[in-house]
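Reading the sequence shown from the start, the letters are residues 1 to 686 in the UniProt record's numbering.
Virtual Cβ for every residue (Gly too), placed ideally from N, Cα, C.
Just so it is clear, the structure is predicted and the values come from calculations on it, not from any experiment.
Working notes for the structure below.
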Amino acid sequence: APDIPVIDQAYSKLSNSITVEWRAVPGATNYMLTAQDGDSFVETVVKNSPGTVTGLKPATLYRITVRSINSGGKSQPSPFRKVKTVLAAPILSVHSPKCDSIAVSWKAVHMAAGISVSLMRSDGLGRVLKQNTTNTSLIFTNLDPGTLYTIKAYAWNANGMPGDDFTYNQRTSPNAPVDVKVAFNSGALRAVVSWMPTEGALTYSVTVSSGLLKLRCNTSSASCMVPSLQCSSEYDVSVTAHNDAGSSEPTDAVSLKTIPCAPVNISIEEDEPGHLLVSWSSISLGHYYVVFVKSDDGLEEHCNTSLTQCHFQSECGFTYFISVFAYNKAGQSPLGDVLNYTTAPCCPGDFRAVFVSSDTVRVTWAPVRGADLYETRAAGGSGVLLCRDTATACSLSALQCSTRYNITVYSFSEARGSSASCAPHCVATAPCSPEIINISKEGLSVISVQWQPNNEEAMYVVTARGEAGLRHCTSTRNSCSLMDLPCGSAFSVSAIARSPAGQSLPSYSIPLETAPCCPNDLILTQVTQSVTNVSWSVGRGAQTYVTTLESPKGQAKCHTLQTYCVLGCIICGTNYTVSLRAISETGLTSSCTYQGYSSSACCPSGVKLYRLSNNGIRVFWRASDETINYNADLHGSKGNFSCTPSSGLSHCDITKIPCGDVYTVLVAPVTNKGPKLTFCPKKIYS
């Protein structure tokens with residue numbers, strides 16, 4: 001083993017170690033240092049001198065020995081030295097209570113007689129401040145705000161031996177920022193707060209307070225945005241600078257008044273037609289108000305007021321969109337409720353009423369703004385008629401005739417109801433249909449028509465309609481006469497009433513038949529002495545005819561469907577009155593009178609023939625009346641011959657008759673006109 005080392009010196013510079021110096025021992029490769037405190041010890045192996053034993057307790061007396069070591073083993077311990085470790089460094093607690101001060105405190109150090117604390121700027125500028133104290137705290141004042149300082153402290157014992165030192169870097173808290181400005185964004189309800197940066201500040205906090213409400217914004221820059229501000233609020237804005245040492249005093253509060261809140265309790269009423277009253281509740285911090293009223297056609301108007309109501313002109317049938325804004329120096333309030341108000345629709349115009357029938361009127365009008373439905377009300381007569389439709393037309397039926405109706409067209413909207421002040425339009429219905437109560441004959445071709453008058457101030461028109469054409473008569477009373485009605489005609493008679501309001505329906509038709517016409521021509525032809533043929537032209541409207549020949553000696557009559565008949569029992573040489581009755585299918589009769597008729601004179605009797613010579617003949621007869629003249633005619637194949645006696649004679653001679661022939665001899669009365677009579681008895685002469 002190597003020789004025992006000899007300690008030159010042993011000392012403690014740190015509270016947890018002792019440094020030992022010794023002379024080198026030849027052949028030694030390592031050395032073992034031992035520090036013993038009572039029963040405990042700490043060993044450390046080092047290569048050479050000096051060596052340090054660590055892990056010791058501060059302010060403790062240790063016995064220090066050294067042993068040399070080589071491959072052969074360890075030497076005996078050297079004579080010991082007693083060395084006491086220095087005092088432990090005070091553990092500082094440092095903070096900056098103000099921007100110009102640093103407070104330092106510590107716990108008492110074992111065996112310390114006092115503490116020495118020094119302070120200087122970390123950048124080396126300025127002087128070093130040093131204080132010795134037996135207390136456990138002290139404060140450095142009049143420092144620069146926001147500046148980093150280095151603090152060094154150590155304890156010393158009763159012998160003035162310093163212990164370990166403790167170094168701490170501490171920054172003073174920053175000064176309060178200056179030149180604080182607040183820029184308010186009214187649209188976003190936020191504020192941007194800015195200030196001049198302050199020395200040593202790492203971060204800043206902005207406090208925006210209003211009553212119990214506090215909003216904060218932290219930033220490392222020189223401005224900060226505070227969102228979510230409330231409208232109609234007044235805030236105190238302050239800025240505090242921060243660093244690792246603490247916070248500055250807050251700046252003096254800067255007042256911030258936000259924009260007013262949107263007005264509430266907005267009400268709209270139409271105090272009278274054409275006038276809108278908009279009112280609202282007063283808003284805190286609202287200096288004045290602007291009301292915007294925009295109609296659905298795009299036009300807009302506004303009203304500025306410091307009151308809480310505004311008046312606007314309005315038009316019917318429009319929808320108005322109304323918004324109210326409050327204003328102050330901060331700006332305009334947010335958009336609140338946008339209310340809409342629809343005025344009652346306009347009264348329909350361009351009213352037209354056209355009768356499509358006597359009891360139905362079609363009412364049309366021009367469409368109006370805002371109308372969803374139209375109601376047509378007709379008041380008059382015995383009640384009220386209603387018609388509702390979305391169309392701009394309505395047909396009112398079952399109207400009473402000859403009645404004045406007040407027709408009003410109302411427009412309705414779902415939002416506002418009806419236009420209540422629309423003016424009525426007077427419409428009069430056409431007159432009522434008259435009722436014909438009697439038709440009577442006043443004279444030849446004149447018919448009187450009577451009806452029941454059931455209208456006021458109406459003109460009545462009676463019309464007879466038939467194949468013979470139209471006949472009219474008019475009257476404002478209850479009757480009129482149809483003139484110049486042709487005979488033998490059938491008519492349908494009806495009446496209508498006319499007034500300025502229109503024309504009634506025709507009355508029920510009454511059939512009218514005029515008496516048949518008398519035949520224009522009547523011809524009597526005597527066929528035999530007692531038979532006469534009577535013929536006549538057709539009488540219009542006649543179905544049967546009754547022909548009568550009448551004289552004091554008797555009458556001859558026939559009733560026939562034809563336009564002729566044969567009358568027998570005619571007395572020769574007699575004057576007859578001739579009459580004819582034309583009878584219609586319904587029994588109407590026309591009595592027709594014609595020129596009198598005289599039957600031919602009676603044929604002679606007792607006709608005898610006497611030969612006068614070979615070529616002559618005398619004809620004798622017996623006259624029925626001495627006043628009658630006769631004529632004798634001789635007819636044969638070789639010629640015709642005649643003779644007329646002198647007045648008063650009843651015979652005449654025919655001479656120069658060719659012989660050898662058969663002749664027919666006829667003696668007949670002489671007629672004043674017309675053909676000779678051929679129906680008298682004939683004689684054959686050979």
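C-alpha distance - residue i paired with residue j, whole-angstrom precision
i, j, result
"residue 146", "residue 334", "43 Å"
"residue 236", "residue 190", "14 Å"
"residue 250", "residue 215", "14 Å"
"residue 356", "residue 504", "12 Å"
"residue 62", "residue 43", "12 Å"
"residue 689", "residue 196", "Past the boundaries of the shown model lies residue 689; the chain is included only from 1 to 686, so the question cannot be answered."
"residue 92", "residue 165", "10 Å"
"residue 553", "residue 520", "28 Å"
"residue 660", "residue 631", "24 Å"
"residue 628", "residue 572", "12 Å"
"residue 692", "residue 94", "In the structure as shown, the chain starts at 1 and stops at 686, and residue 692 therefore has no counterpart that could be examined."
"residue 304", "residue 288", "7 Å"
"residue 74", "residue 111", "37 Å"
"residue 336", "residue 324", "7 Å"
"residue 40", "residue 97", "45 Å"
"residue 169", "residue 11", "30 Å"
"residue 665", "residue 620", "11 Å"
"residue 114", "residue 90", "10 Å"
"residue 185", "residue 192", "8 Å"
"residue 5", "residue 29", "12 Å"
"residue 541", "residue 589", "10 Å"
"residue 273", "residue 370", "15 Å"
"residue 534", "residue 487", "23 Å"
Three-way DSSP call (helix, strand, coil) for residue i in this model
i, result
"residue 76", "coil"
"residue 161", "coil"
"residue 13", "strand"
"residue 82", "strand"
"residue 265", "coil"
"residue 386", "strand"
"residue 400", "coil"
"residue 144", "coil"
"residue 442", "strand"
"residue 372", "coil"
"residue 700", "Nothing can be reported for residue 700: it is not among the residues displayed for the chain, which extend from 1 to 686."
"residue 345", "coil"
"residue 350", "strand"
"residue 358", "coil"
"residue 668", "strand"
"residue 377", "strand"
"residue 395", "strand"
"residue 426", "strand"
From the options, residue whose alpha carbon lies closest to that of residue i
i, options, result
"residue 3", "24, 375, 131, 140", "24"
"residue 434", "419, 422, 495", "495"
"residue 582", "600, 558, 395", "558"
"residue 343", "385, 367, 270, 288", "270"
"residue 653", "636, 612, 629", "612"
"residue 311", "318, 317, 322", "322"
"residue 280", "256, 248, 326, 296", "326"
"residue 100", "284, 66, 142", "142"
"residue 656", "648, 668, 638, 645", "638"
"residue 119", "278, 562, 134, 149", "149"
"residue 443", "223, 416, 506, 514", "514"
"residue 576", "524, 565, 246", "524"
"residue 677", "404, 527, 316", "527"
"residue 478", "511, 385, 445, 439", "439"
"residue 9", "227, 84, 598", "84"
"residue 131", "155, 123, 17", "155"
Residue i classed as buried or exposed, judged by whether at least 16 other C-beta atoms fall within 10 angstroms
i, result
"residue 128", "exposed"
"residue 449", "buried"
"residue 461", "buried"
"residue 633", "buried"
"residue 610", "exposed"
"residue 410", "buried"
"residue 586", "exposed"
"residue 493", "buried"
"residue 366", "exposed"
Please specify which runs of the beta strand (DSSP E), each continuous and at least 3 residues long, are wholly inside the UniProt domain "Fibronectin type-III" (176-261), giving them in chain order.
Considered as a whole, the UniProt domain "Fibronectin type-III" (176-261) harbours 178-185, 190-196, 203-210, 213-219, 223-226, 234-243, 254-257 as its complete beta strand (DSSP E) runs of no fewer than 3 residues, in chain order.
Threshold first: 3 residues or longer. Then list the beta strand (DSSP E) segments lying entirely within the segment 289-339, N to C.
Within the segment 289-339, the beta strand (DSSP E) runs of at least 3 residues that lie entirely inside it are, in chain order, 300-305, 309-313, 319-328.
Whole beta strand (DSSP E) elements within the segment 590-663, 3-residue minimum:
The qualifying runs are 605-613, 616-622, 630-636, 639-643, 651-655.
Identify every run of the beta strand (DSSP E) within the UniProt domain "Fibronectin type-III" (430-517), keeping only runs that are complete inside it and at least 3 residues long; order them along the chain.
With a minimum length of 3 residues, the continuous beta strand (DSSP E) runs that stay inside the UniProt domain "Fibronectin type-III" (430-517) are 435-443, 446-452, 459-466, 469-475, 479-482, 490-499, 510-513.
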